[in-house]
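Next up, the structure:
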C-alpha cells in the first residue's frame with residue numbers, strides 16, 4: 001500500500017481518537033454546504049451529477065461480472081422512478097468474494113486499515129453534494145439535512161468508528177517479553193497478541209438515513225479487518241453506493257481487493273437480506289430498521305449483531321422559564337423531516353395540573369394549545385416549512401398519519417397535505433397531534449413512525465417519568481427531552497431514565513433540538529433498551545468485531 | 001465509606017491498570033505459600049480453621065434469616081462428607097435483596113467501588129490458607145495448586161477484572177462543556193455521562209476451580225455496579241463462601257448493604273440455578289461448566305452472558321530440539337490435577353512420518369512410546385506424583401477414565417489406581433493414553449474430561465493443524481501447544497489457530513506448561529470459539545456489564 005497515506009492521515013486519526021476521549025465539539029467535515037467551504041461549483045456539480053445518473057447504470061463499483069442490473073428507487077419529491085440500476089450479485093457470490101477478500105484484508109495492520117479508510121472518507125468529502133441530491137431523492141429529506149446527515153455528519157460518524165476501532169486494536173502491545181521471577185532464575189517468555197477479525201460482515205441499511213446509519217457499522221467492521229457486504233434498503237441505494245464506490249477505489253489504488261467492501265443490492269423481484277443474514281459465513285451484522293426484523297436479526301445464532309430498531313421517544317414537561325420558546329423548539333423537533341427520524345419525539349407527557357412557567361402555573365389545556373399552535377405556525381411559515389418538513393419517504397407513513405389508524409384519543413391538530421413550492425408532486429403531510437389519557441396505555445405504547453405526536457395527560461411529573469421510563473424499557477427509546485427548573489426533579493429524571501438506557505436532553509430551546517446528535521460526543525442509541533443493542537460509538541461497538549488471541553514461547557538466552 | 005481506602009489502594013489500582021496494558025509479568029499476590037511470605041503459622045492456622053469448620057455451620061456470611069442450613073460437600077481425598085452447612089435462601093429472596101442492594105451499589109462511584117473491592121482482596125489474602133484447604137477437600141487439587149489457583153492466582157484475576165472495569169468506566173469524562181462554533185455565536189452545552197450498571201448479576205461456579213473461575217465475573221460485575229449472587233457448585237462451596245464473606249464484611253464496614261454480594265447455595269433436594277438464571281431481574285450471568293448447560297445459559301433472552309464451557313485442546317508435534325524435554329513437559333501437563341483443568345491438553349497430533357528432532361526423524365511409534373514413557377515415569381515418581389495428580393473431584397470422571405467408554409483406538413497406556421501416601425481413601429487415577437487414526441474423527445471430536453490423552457496419527461503437520469483448527473471451531477478449544485523449529489510452520493499455526501480463536505504456546509519445555517495461564521498477560525479463553533464467549537480479562541468482559549448514557553443541557557451564559 002501507499003505508505004504516504006500513513007503520513008497523510010495519522011494526525012487526523014490521532015485527533016479523532018483524542019476527540020473521542022475529550023467528548024467536546026469535534027468535526028472533521030464541515031456541515032455548512034457553503035461555496036466558501038466546498039467551492040463555488042460544488043453544489044451545481046452535485047446536482048448535475050445526480051441528474052446525469054438518473055435512468056443510467058451506476059458504473060462506479062469495481063465488482064466484476066454482475067448477474068443483472070436492477071433498481072427500484074423513486075423520488076418522494078417527484079414520485080417518479082429514478083431509473084438508476086445497480087449491478088446485482090447473488091448472495092453466494094457476494095459471500096464467497098467477501099470470504100476471499102477476508103484473507104487479504106485481515107492481514108493488513110489496523111493502523112494501515114485505518115488510514116486507508118480515512119483516505120476513503122476524504123474522497124467521500126468530494127462527493128458530499130452528489131450524495132446530498134441522492135439522499136434528497138431517495139429519502140425525502142430536505143436539502144440541508146440531506147447534505148449534512150448523509151455527508152459531513154455521516155463521514156464524522158464513520159471517522160469516529162475508525163478511530164474507536166483503531167484505538168481498541170492498538171490498546172495492547174503487539175508483543176512483550178514476559179519475565180517472571182522464580183527465585184533462583186527468571187522464567188522468560190516472548191508473548192504476542194493479535195486482534196483477529198471475526199469474518200464476513202453484513203450491514204443492512206434503512207430507507208431514511210442511507211449513509212448516516214450505515215457507515216458506522218460499515219467502517220467499524222472494515223477497520224477491524226472484516227470484509228463488508230453493504231445491503232442498502234432497495235429504495236435508498238444511491239447515497240451509499242457512492243460511498244462504497246469510493247472505498248473500493250481506495251482499496252484498488254492500494255493494491256487491495258475491492259471486494260473487501262461490496263455493495264449487495266436486492267433483486268427487483270426478491271429481497272436478499274435473509275439469505276445473506278442466515279449464511280453461516282456471515283459473522284457480523286449491523287442493522288437499522290423496524291423492530292420485528294431487528295429482533296429476527298438479533299436472534300440469529302452464531303452472529304454478533306448490532307441493531308438500531310424503533311423506540312417511543314418522550315418529552316417530559318414539568319417546569320420552565322419560557323413556555324413559548326419551549327413549544328417552538330418542540331414544534332421544530334416534531335416537524336423536522338416530518339418526524340421520520342429515529343430520534344424524533346412522539347409521546348409528550350403533560351401533568352393535568354399544568355406546568356410551572358416562571359413560578360406561575362400554566363393549565364394543562366393551555367400547554368396543549370400552545371404546542372399545537374407552535375406546530376401550526378411553523379408549518380404555515382412558507383420560508384421555513386419546506387426546508388424543515390421535506391417529504392415522506394414511504395407512502396405507508398403518509399397513509400398512517402392521514403388515517404390516524406387506531407390512535408385512541410382526541411385529535412388536537414389534523415394533518416394536511418403540504419404544498420412544496422419546489423416539487424409540486426412531493427409526498428407530504430404535516431404533523432398530527434392527539435391527546436390521550438395516561439390510563440389509555442395501549443394507544444401510546446408503540447412507535448407511530450412519522451409526524452405523529454401524542455400528548456399524554458398524567459397525574460404529575462412523577463407519573464410522566466414513570467411512564468416514559470416504562471415505555472423505554474418495554475418498547476425502547478432513543479431520545480428523551482425534559483423540561484424542568486427543579487434540580488431535584490432533574491436528578492430524578494436522569495436517574496430513572498438512565499435505568500432505561502435513555503439519554504436525556506434538558507431544557508432545550510433555540511437552535512438545538514432533541515433529535516440532533518453529535519459525533520464524538522453523543523453516544524447514539526445506548527444499547528441499553530429494546531431500541532437497539534448497539535451504540536455509535538462506544539467501545540463495545542468495535543471490540544465485539546474481533547477476538548484477542550495470544551501466543552507465547554520461551555525466550556532464548 | 002471510609003475514604004482512607006482510596007488513599008490506601010489507589011496505587012494498587014493504578015499499578016494493576018498499567019499491568020493490563022504492559023502485559024509483562026505482574027502479580028499482586030505472591031504465589032509461594034512459604035512462611036517467609038505469609039508468616040510462620042499461616043499454613044497451620046489455615047489447616048486448623050478448615051478442621052474447625054468441618055461439621056459446623058458456616059456463620060461468616062452477613063445474609064439475614066436463612067430459610068434452612070444445607071450442605072453436600074465431600075472430600076475427594078477422604079471420600080467423606082465435610083458436614084459443613086450454609087444458609088439457604090430461596091431464589092426470590094436472593095433476587096429481591098439483590099434488587100434492593102442494586103439501588104445503593106450503583107450510586108457508589110466506580111473509583112470507590114474499585115477500592116472497596118481491592119480492600120476485600122487484601123482481606124482475602126489473609127484467608128489464602130483457609131481457602132487452600134477448602135479447595136483441596138472440595139476439588140481434589142493437590143495442596144500447591146489449591147493454594148495458588150484458589151488464592152493468589154484467583155485474587156490476581158479478580159484484581160485484573162477490577163482494574164479493567166475501573167478503567168473502562170473512567171475512560172470517558174464525567175462531564176464536559178461542549179462548544180460548537182455556529183458562525184455568529186457558539187452553541188454551548190453541558191454534557192455528562194454515566195456508566196449505568198445493567199442490574200442483578202448471577203455467577204455460576206464450577207466444581208474444579210471454585211474461586212479462580214468465579215471471581216473474575218463476580219468482581220467484574222461488582223466493580224461495574226451490579227449486585228452479585230454467587231451460586232457455587234454444590235460440591236465446592238467453602239472456598240468461594242470465604243471470599244463472599246470477606247466482600248460482605250468490607251461492604252458492611254463501609255456502611256453498605258452486604259447483600260450487594262450474596263451467596264446463593266442449592267437446596268439439598270433441588271438445584272436453584274435455573275430458577276435464578278431465568279428470573280427476569282437477572283441481567284448478567286457468568287457461567288463456568290459443561291457445554292450443554294452453558295449453551296442453555298447463552299440462549300436465555302434478555303441477558304448478557306459470559307461463559308466458559310468445554311473444549312478439545314490440542315498438542316501439535318512437528319519438530320523440536322529435544323524430544324525428551326518435550327515429552328516430560330507434556331507428561332506433566334496431562335498429569336497435573338489429573339487432567340481436570342479446562343486448559344489440559346487432550347488431542348496430540350503426531351504425523352505418521354514422525355517428528356523431526358535436531359534434523360533427524362524420530363518415527364511415529366517412537367514418539368508415542370516416549371509420551372507414554374514420560375507419563376509412566378512421572379506417575380511412578382513417589383516424590384512428585386501425589387503433588388501433581390491430586391484427586392478426582394467427580395466419581396463420574398474416574399469412572400469414565402477407567403471404562404474408557406466409547407473411545408475407539410488402541411490403548412497405549414492404561415490407567416491405574418494411584419495410592420496417595422497422605423490420603424489412603426483418595427479418589428485417584430492416572431492418565432490413560434489411546435491412539436487413533438485421523439480418519440476416526442468421531443473418537444476424538446469431544447472433550448473427555450479428566451486424564452485422557454488421545455494420540456492422533458495424521459498424514460503430516462498440515463493435517464494436524466487443520467484438524468486442531470476444525471476441532472477448535474466446532475467443539476471449542478482453550479489451549480493449544482505446538483512444537484516446531486520451522487518459522488514458516490510456526491506462522492502457519494499462529495494464523496490458522498488465530499482464526500479458530502485459540503491461543504498457542506510454542507515449544508514449551510522446563511517449568512512452564514500449556515495449562516498455565518497468567519493474570520494481566522494471558523487472556524484466558526478468547527471468546528472466539530465454542531469453548532466460551534468470554535475472556536479473562538479483555539475489555540469486552542467488563543464493558544458489557546454497563547451502559548453509557550449521556551445527558552446534556554444548554555450552558556448558561
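Chains as they are written, first to last, in UniProt numbering: chain A, 1 to 557; chain B, 1 to 557. Quick reminder that beta carbons are idealized off the backbone N, C-alpha and C, glycines included. Since the structure is predicted, the reported quantities are computational estimates derived from the model, not experimental observations.
Per-residue contacts from residue i into chain A (C-beta, under 9 Å)
i, result
"residue 21 of chain B", "171, 172 and 173"
"residue 59 of chain B", "The premise fails here: residue 59 of chain B is roughly 35 Å from chain A at the closest Cβ pair, so nothing lies under 9 Å."
"residue 28 of chain B", "Those within 9 Å of residue 28 of chain B in chain A number zero; the least Cβ separation is about 14 Å."
"residue 526 of chain B", "196, 547, 548, 549 and 550"
Contact set for residue i: own chain, Cβ-Cβ below 7 Å, skip 5 residues either direction
i, result
"residue 517 of chain A", "343 and 524"
"residue 19 of chain A", "26 and 520"
"residue 99 of chain B", "200 and 281"
"residue 535 of chain A", "523, 524, 525, 526, 527 and 541"
Amino acids of chain B, ordered along the chain, whose beta-carbon sits closer than 8 Å to that of residue i
i, result
"residue 522 of chain A", "191, 550 and 552"
"residue 461 of chain A", "Within chain B, no residue comes near residue 461 of chain A; the closest Cβ sits about 17 Å away, beyond 8 Å."
"residue 560 of chain A", "Nothing about residue 560 of chain A can be reported from this structure: the residues present for chain A run from 1 to 557 only."
"residue 177 of chain A", "24"
Contact under 7 Å by Cβ, residue i with residue j
i, j, result
"residue 161 of chain A", "residue 68 of chain A", "no"
"residue 334 of chain B", "residue 282 of chain B", "no"
"residue 312 of chain B", "residue 483 of chain B", "no"
"residue 547 of chain B", "residue 196 of chain B", "yes"
"residue 78 of chain A", "residue 425 of chain A", "yes"
"residue 348 of chain A", "residue 513 of chain A", "no"
"residue 532 of chain B", "residue 246 of chain B", "no"
"residue 500 of chain A", "residue 472 of chain A", "yes"
"residue 28 of chain A", "residue 159 of chain A", "yes"
"residue 128 of chain A", "residue 241 of chain A", "no"
"residue 415 of chain A", "residue 432 of chain A", "yes"
"residue 214 of chain A", "residue 203 of chain A", "yes"
Cut-off 6 Å between Cβ atoms - residues of its own chain near residue i, not counting five sequence neighbours on either side
i, result
"residue 94 of chain A", "229, 262 and 264"
"residue 180 of chain A", "187"
"residue 17 of chain A", "163 and 167"
"residue 113 of chain B", "223"
"residue 131 of chain A", "150, 151, 239 and 242"
Residue i classed as buried or exposed, judged by whether at least 16 other C-beta atoms fall within 10 angstroms
i, result
"residue 11 of chain B", "exposed"
"residue 81 of chain B", "exposed"
"residue 271 of chain A", "exposed"
"residue 226 of chain A", "buried"
"residue 37 of chain A", "exposed"
"residue 552 of chain B", "buried"
"residue 460 of chain A", "exposed"
"residue 294 of chain A", "buried"
"residue 185 of chain A", "exposed"
"residue 403 of chain A", "exposed"
"residue 182 of chain A", "exposed"
Cut-off 8 Å between Cβ atoms - residues of its own chain near residue i, not counting five sequence neighbours on either side
i, result
"residue 280 of chain B", "302"
"residue 319 of chain B", "355, 356, 357, 483, 484, 485, 486 and 489"
"residue 449 of chain A", "310, 339, 340, 397 and 400"
"residue 322 of chain B", "357, 358 and 509"
Neighbouring residues, chain A, relative to residue i (Cβ below 8 Å)
i, result
"residue 539 of chain B", "168, 171, 539 and 543"
Chain D within 7 Å of residue i, Cβ atoms only
i, result
"residue 473 of chain A", "No chain D is present in this structure, whose protein chains are A and B."
Proximal residues of chain B, C-beta to C-beta of residue i below 7 Å
i, result
"residue 494 of chain A", "551"
Interface partners of residue i on chain A, CB under 7 Å
i, result
"residue 568 of chain B", "Missing from the structure shown is residue 568 of chain B; chain B here goes from 1 to 557 and no further."
In chain order, which continuous runs of the alpha helix (DSSP H) of length 4 or greater are located wholly inside the stretch 37 to 98 of chain A?
42 to 53
Which runs of the beta strand (DSSP E) spanning at least 3 residues fall entirely within the stretch 445 to 472 of chain A, listed in chain order?
452 to 458
Ranges of the alpha helix (DSSP H) found wholly within the stretch 194 to 273 of chain A, counting only runs of at least 4:
215 to 223 and 238 to 253
Give the list of continuous beta strand (DSSP E) stretches no shorter than 3 residues that lie fully inside the stretch 266 to 341 of chain A.
282 to 288, 304 to 308 and 314 to 317
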